[in-house]
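To start, the structure itself, in structure tokens.
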Amino acid sequence: MEEAHGTKHPPSRAEIAELFAAQQRRAPDLARMDAVARRARLRRIVAYLQEHTGEAQAALQADLRRAPIDTTAEMLMVKSEADFIGRHLKRWMKPQRVRSSLLSLGTTSQIRYEPKGNVLILGTWNAPFACNLVPAIGAIAAGNAVILKPSELAPHTAAFLGRMISTLFAPEEVAVVEGGAERAAELLEHPFHHIYFTGSSAVGRIVMRAAARHLASVTLEMGGK
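Heads up: the sequence shown begins at -8 in the working numbering, then just goes up one per residue.
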């Protein structure tokens, strides 16, 4: 079943708009979250995957006929990303002192790292856990509100991700929208600050055009590159 976090039916255009608006309102609060709180959110993701490994393996087997070892490999990628970010996050969040220019003599200058705000992740089917959760972990750790749109070609895994995210996060913070190309197109109508896409070059061009309308930054992983 296609569903947005918090709904029990296919999400309408209006429901997707409502979800995005709720995340827009919540994003400033997430940006103020400290490193301790952000690390705790990453640990919740890893703990859930460890507690529901059998369910995840069944989903991947149903979608792609993958052996349990393949699920384990994807889970390790997710855990490795969360662990690495968790170790370095506090340092990454600190302002970086830099030299002031001659025009600013007598002042101090800093580079401050801030969240983008609202992030959309469009995942692929062939590595559905890693290609959805690895970028999501980075976006969550950076203090963003996130919407994940898993591939409709791996529906059991998408449903698992939906259950996981709905258990761990409020929809105005992190949400999953299931469905096909129509849902992706509706999401791309909204002014996300960053879009992460994994898939084909043809669809990547569509994503790039949509991002350009809102001057959104993009990360494109196409053709395995």
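Note that CB positions come from ideal geometry on N, CA and C, so glycine has one too.
Asked: State the beta-bridge partners of Tyr187 as determined by DSSP.; Found: Ile112, Thr210
Asked: Kindly identify the DSSP beta-bridge partner or partners of Ser157.; Found: The partner list for Ser157 (beta bridge, DSSP) is empty, contrary to what the question assumes.
Asked: Please classify Lys140: does DSSP put it in a helix, a strand, or coil?; Found: strand
Asked: Mind the definition here: the segment 140 to 149 touches the segment 25 to 44 only if three or more C-beta pairs lie below 8 Å; say whether that holds.; Found: no
Asked: Nearest to Thr189 by CA position, among Ala127, Pro162, Arg78, is which residue?; Found: Ala127
Asked: Let me confirm a value: Gly129 is counted as buried when at least 16 other C-beta atoms fall within 10 Å, else exposed. Which label applies?; Found: buried
Asked: Are the CB atoms of Glu109 and His184 nearer to each other than 8 Å?; Found: In the sequence under discussion, the amino acid at residue 109 is Asn, which differs from the Glu named in the question. It is a contact, given that the beta carbons lie within the stated cut-off.
Asked: Tell me Arg88's beta-bridge partners as DSSP assigns them.; Found: Gln101
Asked: Output yes or no for whether 8 Å exceeds the beta carbon distance between Ile131 and Arg32.; Found: yes
Asked: Ignore the nearest five residues each way along the sequence and tell me which others in Thr210's own chain have a CB closer than 8 Å to its CB.; Found: Pro126, His185, Ile186, Tyr187, Phe188
Asked: Suppose the cutoff is 8 Å on Cβ atoms and the five residues either side in sequence are ignored; what does the same chain contact list for Pro106 look like?; Found: Ala18, Leu21, Ala22, Ala133, Gly134, Asn135
Asked: Within 10 angstroms of the Cβ of His79, are there 16 or more other Cβ atoms? Answer buried if so, exposed if not.; Found: exposed
Asked: Whose C-alpha, out of Ala202, Lys70, Met199, is nearest the C-alpha of Leu124?; Found: Lys70
Asked: Touch check for the segment 151 to 166 and the segment 32 to 51: three-plus C-beta pairs under 8 Å?; Found: yes
Asked: Please state if the CB of Val37 and the CB of Ala64 are separated by a distance shorter than 8 Å.; Found: no
Asked: Ile7 and Glu177 - do their beta-carbons sit closer together than 8 Å?; Found: yes
Asked: For Val125, report the span of its alpha helix (DSSP H) as first-last.; Found: 121 to 132
Asked: Buried or exposed: Lys(-1), going by 16 or more other Cβ atoms within 10 Å of its Cβ?; Found: For Lys(-1), the pLDDT reaches just 45, beneath the cut-off of 50, and the residue's location in the model is therefore unreliable, leaving the point undetermined.
Asked: Rounded to the nearest angstrom, what separates Ser191 and Met213 at their Cα positions?; Found: 5 Å
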